[in-house]
Amino acid sequence: MASLPGGVRTRLWRDGLLVADDFPLDDVSEHLTDDRALVWVDLCDPGHEQLSALAAELTLDEHAVEDAIARGERTKTARYPTHTFLTVYATHLERPSGAVGGIESRLRTTRVSAFVLPRGVVTVRRGGPFDLDEVVSRWDDHADLIQYGTGALLHGLLDVIVDGQFDTIQALDDAIETIEDGLFGDTAPTRATQHRIYRLRKELVQLRRVVLPMREVVTAIMRHRADHGNNAELDGWYTDLYDHVIRATEWTESLRDMVTTVFETNLSLQDARLNTVMKKLTGWAAIIAVPTAVTGWYGMNVPYPGFGHGWGVLVSSVVIAGSAGLLYLVFKRRDWL
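Counting with the working numbering, you get residues 14 to 350 for the letters of the sequence shown.
Here you go:
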């Protein structure tokens, strides 16, 4: 088989020790026949023909190959006679490039599919950027686990992805707290705040789609750990990973409830502010109605007390000022102004 062009990384361990890095793809099949070897192959945005060529050599199921290339594939895991296939999503939040109050989602996902063979793992990445160096560093930091086979590689990959999801959830949590502080601030929420609330709701919906199914993925891997080389030494690591997935799931659900509460609170505060404005306008209208009524009375073409005398103007002015002042004090005491 000809070597695949670009976007390819390979690694080879033997007896738990790293012996080769970025070796040719032509050697993958040979290394997989070695009982002492552990192989990792990563393909970034491969074409259908490229992945099919590798799949034919490694006897990968054609349905799994199609799932690794198809768009919009859901988070899942599936078992086949020769391997286990899974699809998960790494997440991160981009900094908004436009207006702060924009409604475009900042959530970016990278689909990571993995073919877990008895002595090797093939990963296929599609979509946004995903830092594989962090995965490799995780493997190097726990090099003593490599001796336990593909289960160690799979754990390191999933652990990095779940940690990235935690970072995304934390960022959304911080954003919600910022909006909460603004809701009860001295200034009224602006349209930008409404846009941010809507954007957060959209991002949480997208995040739930990739975070919630992780529970079933990790559960399936733990249930069939013998299929991909896991043993008792890795049980504690996978239990800890499962605990992280549960925490991420519960946190995501709580954030959805929180952002819903923020949205409803924003609407309630807008209604309350509208009522306050209407109350103040009504109070000032009542105050203004007093001089209008007095001047209207004295403006009639009939004699009135003080008609034709200077003290009549003085009396009318005192009536206007006294009545308006009294209404102002009453409304102020009742917090209408």
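C-beta: ideal position from N, C-alpha, C; glycine also.
As the structure is a prediction and not an experimental result, all values here were calculated from the model.
To the nearest angstrom, how far is it from the Cα of residue i to the Cα of residue j?
i: Pro226; j: Arg236; result: 16 angstroms
i: Gly20; j: Glu193; result: 44 angstroms
i: Val113; j: Ile189; result: Reliability of the predicted coordinates at Val113 is poor, the pLDDT of 49 falling under 50, and the value obtained from them is presented with this limitation in mind. For Val113 and Ile189, the distance between alpha carbons rounds to 14 angstroms.
i: Thr1; j: Arg221; result: Look at the range of the chain in this structure, 14 to 350, and you will see that residue 1 is not part of it.
i: Val135; j: Leu158; result: 18 angstroms
i: Leu268; j: Leu185; result: 8 angstroms
i: Ala83; j: Glu75; result: 12 angstroms
i: Tyr251; j: Val231; result: 8 angstroms
i: Leu31; j: Gln219; result: 38 angstroms
i: Thr308; j: Val290; result: 28 angstroms
i: Thr191; j: Ala205; result: 13 angstroms
i: Leu339; j: Ser329; result: 15 angstroms
i: Ala334; j: Arg286; result: 30 angstroms
i: Ile116; j: Gln283; result: 20 angstroms
i: Gly133; j: Ala165; result: 11 angstroms
i: Asp270; j: Glu263; result: 11 angstroms
i: Val258; j: Val101; result: 12 angstroms
i: Asp146; j: Ile174; result: 12 angstroms
Kindly indicate which residue of the options has the alpha-carbon position closest to the one of residue i.
i: Leu6; options: Asp176, Arg84, Thr163, Trp152; result: A query on residue 6 cannot be resolved here, the shown segment of the chain reaching from 14 to 350 and no further.
i: Leu120; options: Glu75, Ser330, Glu216, Arg209; result: Glu216
i: Ser150; options: Gly141, Pro142, Tyr161, Gly169; result: Gly169
i: Val108; options: Val32, Ser336, Thr181; result: The question names Val, but residue 108 is Arg in the sequence shown. Answer by Cα proximity: Thr181.
i: Pro142; options: Arg209, Gly85, Arg124; result: Arg124
i: Gly60; options: Leu327, Leu339, Arg139, Val175; result: Arg139
i: Tyr93; options: Arg84, Leu130, Glu117; result: Leu130
i: His96; options: Asp248, Gly338, Leu166, Phe128; result: Phe128
i: Leu342; options: Trp297, His155, Leu71, Glu117; result: Trp297
i: Asp187; options: Ile259, Val272, Asp144; result: Val272
i: Asp34; options: Ser42, Asp48, Val54; result: Val54
For residue i, collect the residues of the same chain with a Cβ closer than 6 angstroms to its Cβ; drop the 5 residues on either side in sequence, then sort them by chain order.
i: Ala233; result: Thr90
i: Gln178; result: Thr104, Val224, Ala261
i: Val137; result: Leu56, Ala81, Ser126
i: Gln160; result: Gly29
i: Tyr255; result: Val231
To which residues of the same chain is residue i closer than 7 angstroms at the C-beta, ignoring the five residues directly before and after it?
i: Val78; result: Leu64, Ser65, Ala68
i: Phe36; result: Thr23, Leu25
i: Ser336; result: Val303
Within its chain, find whatever has a CB closer than 8 angstroms to the CB of residue i; leave out the 5 residues flanking it on each side and keep chain order.
i: Arg49; result: Arg27, Asp28
Length-filtered (3 minimum) beta strand (DSSP E) runs lying within the stretch 49 to 91 = As far as the stretch 49 to 91 is concerned, its whole beta strand (DSSP E) runs of at least 3 residues are 50 to 57.
The stretch 273 to 280 contacting the stretch 207 to 215, beta-carbon criterion three pairs below 8 angstroms = Pairwise C-beta distances place the stretch 273 to 280 in contact with the stretch 207 to 215, as three or more of them are shorter than 8 angstroms.
Which runs of the alpha helix (DSSP H) spanning at least 4 residues fall entirely within the stretch 116 to 202, listed in chain order?
-> You should have 145 to 154, 163 to 196.
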